[in-house]
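Worksheet for the structure shown next.
Number of protein chains: 2
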Amino acid sequence: MTKNITAEVAQPVYTGVGQPTSNVDHAALRIWLRLLTCHNLVETRLRNQLRNGFETTLPRFDLMAQLDRHPEGLKMRDLSRLLMVTGGNITGLTDRLVDEGLIERRDDPRDRRAFSVCLTPKGKTQFQEMAAQHEQWVSSLFGDFEEKEMNQLSDLLGKLKRHLSALPPVA
Amino acid sequence: MTKNITAEVAQPVYTGVGQPTSNVDHAALRIWLRLLTCHNLVETRLRNQLRNGFETTLPRFDLMAQLDRHPEGLKMRDLSRLLMVTGGNITGLTDRLVDEGLIERRDDPRDRRAFSVCLTPKGKTQFQEMAAQHEQWVSSLFGDFEEKEMNQLSDLLGKLKRHLSALPPVA
């Protein structure tokens with residue numbers, strides 16, 4: 640029962656009923672809706688797994704992941720941009736992680752008003768533990784995929800990602 | 640410049656550095672990160688396009704899409720579940736759409752406390768106009784894909800979706 644609800648919850652149901660459109664349009668819409676459903680199902684699982692396994696949230700995990708990738712530290716505005724959330728949210732989140740000793744602020748010698756944040760050794764250890772588990776959770780999502788299919792899907796999404804990144808931005 | 644920032648913004652950067660994991664785990668993680676990036680890039684574009692083209696938001700569009708698919712009407716709790724947001728958000732959103740004459744409440748003869756919402760004729764017309772445009776926006780995202788690649792990607796995402804939907808829920 641719960642399973643069915645979860646599955647249904649994450650189903651985008653927009654069917655594109657409306658003016659007549661081409662088969663290519665319908666095929667594109669079907670791909671997007673499937674991608675959206677897969678995204679929602681995976682994100683919901685990972686969110687629950689992080690909560691149950693580490694009593695943490697996806698935004699916290701994502702923030703620590705960014706800092707793990709930038710050991711030199713990140714300014715708040717860069718962090719905010721990378722995480723696509725408002726400055727306000729990031730500020731509250733970093734405050735709590737600082738209080739917990741997982742990240743630390745570093746003054747910028749060139750600009751007193753700017754500072755960077757980076758993982759503390761404790762934060763790095765905790766993140767790496769979560770990251771290893773996270774990778775196994777993600778791996779288990781593709782249980783019945785053959786290696787050839789994994790490679791195909793990876794290549795096609797890579798191509799789509801490159802194409803999307805090169806599109807002119809929406810004015 | 641803006642383009643690069645947009646692309647960078649939407650890049651999930653978690654690299655899975657940590658304990659040693661298998662190649663399969665890395666392949667799965669790469670697929671998930673690519674899917675996540677594609678999702679974020681597409682959603683950002685559609686959000687901006689809906690705002691610029693129709694002065695509307697993605698949650699409004701999604702809510703109207705759900706009602707378009709359920710012409711018999713939806714109860715608030717079903718709508719909320721389908722849209723994966725809190726009851727509070729849905730209530731505010733439906734109130735505004737009712738005020739604008741795009742959706743209407745219908746009493747449930749069997750339960751005075753329950754009511755359904757459905758699109759008004761005006762709402763249906765407006766949604767279909769947006770839906771046709773939305774489908775063309777989505778279609779343009781796959782500009783350089785061949786039909787064969789579209790079919791492959793659609794099939795692989797369909798398989799992943801079925802697999803994810805059948806997984807036992809996270810306890």
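If you're matching them up, the sequences are chains A and B in order.
Adding 639 to a residue's 1-based position in the first sequence gives its number in the working numbering.
Adding 639 to a residue's 1-based position in the second sequence gives its number in the working numbering.
No residue lacks a Cβ here, since even glycine has one placed at the ideal position from N, Cα and C.
| Check | Outcome |
| --- | --- |
| Any beta carbon of chain B sitting closer than 9 angstroms to that of G797(A)? | yes |
| Three-state secondary structure (DSSP) at A810(B)? | coil |
| Is the CB-CB distance between L803(A) and L713(B) below 9 angstroms? | no |
| Could you tell me whether the Cβ of M715(A) comes closer than 9 angstroms to any Cβ of chain B? | no |
| Any beta carbon of chain A sitting closer than 9 angstroms to that of R699(B)? | no |
| With DSSP as the reference, identify every bridge partner of D750(A), one or two as the case may be. | D747(A) |
| Name the DSSP bridge partner or partners of C757(A)? | E743(A) |
| Taking the continuous alpha helix (DSSP H) assigned at E788(A), which residues delimit it? | 786 to 805 |
| State the start and end residues of the unbroken alpha helix (DSSP H) segment that holds G692(A). | 662 to 693 |
| Between the C-alpha atoms of Y653(A) and D738(A), what's the straight-line distance to the nearest angstrom? | Caution applies to Y653(A), whose pLDDT of 48 falls short of 50 and renders its modelled position unreliable; the value that the coordinates give is listed next. One C-alpha to the other measures close to 43 angstroms. |
| To the nearest angstrom, report how far apart V809(A) and P808(B) are at their CA atoms. | 37 angstroms |
| Measuring CA to CA, which of G762(B), A805(B), S778(B) is closest to P710(B)? | G762(B) |
| May I ask which residues mark the beginning and end of the alpha helix (DSSP H) holding F779(B)? | Sequence check: residue 779(B) is Ser here, not Phe. That residue, S779(B), is in no alpha helix (DSSP H); it is neither H nor E in DSSP. |
| If you measure beta-carbon to beta-carbon, which residues of the region 775 to 788 of chain B are closer than 7 angstroms to chain A? | Q775, V777, S778, L780, F781, G782, D783, E788 |
| Does the distance from the C-beta atom of E788(B) to that of K798(A) stay below 9 angstroms? | yes |
| Any beta carbon from chain A within less than 9 angstroms of P748(B)'s own beta carbon? | no |
| CB-CB under 6 angstroms to T695(A), same chain, minus the five flanking residues each way: which ones, in chain order? | L689 |
| Alpha helix (DSSP H) containing P698(A): first to last residue? | 697 to 708 |
| List the DSSP bridge partners of K763(A). | K763(A) is not bridged to any residue. |
| Under the assumption that L732(A) contacts L758(A) (Cβ atoms under 8 angstroms), give the Cβ distance between them as a whole number of angstroms. | Wrong, their Cβ atoms sit about 14 angstroms apart, outside the cutoff. |
| State the Cα-Cα distance for the pair R735(A) and H678(A), rounded to the nearest angstrom. | 28 angstroms |
| Beta-carbon of R684(B) versus every beta-carbon of chain A: anything under 9 angstroms? | yes |
| Quick one: which chain A residues come within Cβ less than 9 angstroms of Q765(B)? | Here the premise fails: no neighbours, minimum Cβ distance about 11 angstroms. |
| Using alpha carbons as the reference points, say which of Q775(B), L796(B), M715(B) lies closest to R752(B). | M715(B) |
| With distances taken from CA atoms, which of Q705(A), L674(A), W776(A), A704(A) is nearest L680(B)? | L674(A) |
| Determine the closest residue to L706(A) out of S755(A), G692(A), Q791(A), with distance taken between C-alpha atoms. | S755(A) |
| Residues of chain E with CB under 7 angstroms from R673(A), in chain order? | Here the protein chains are A and B, and chain E is not one of them. |
| So is R755(A) in contact with chain B if we call contact Cβ pairs under 9 angstroms? | It is worth fixing the name first, because residue 755(A) is Ser in this sequence and not Arg. Cβ-Cβ to chain B under 9 angstroms: no for S755(A). |
| Please decide whether P808(A) counts as near chain B, where near means a Cβ-Cβ distance under 9 angstroms. | yes |
| Since S778(B) contacts V663(A) with CB under 8 angstroms, what's their CB separation in whole angstroms? | 6 angstroms |
| Between the Cα of S742(A) and those of Q775(A), R749(A), I729(A), spot the shortest distance and give me the residue it belongs to. | Reading off the sequence shown, one finds Ile at residue 742(A), where the question assumed Ser. Comparing Cα positions, the closest option is I729(A). |
| Where does the unbroken alpha helix (DSSP H) through M715(A) begin, and where does it stop? | 715 to 722 |
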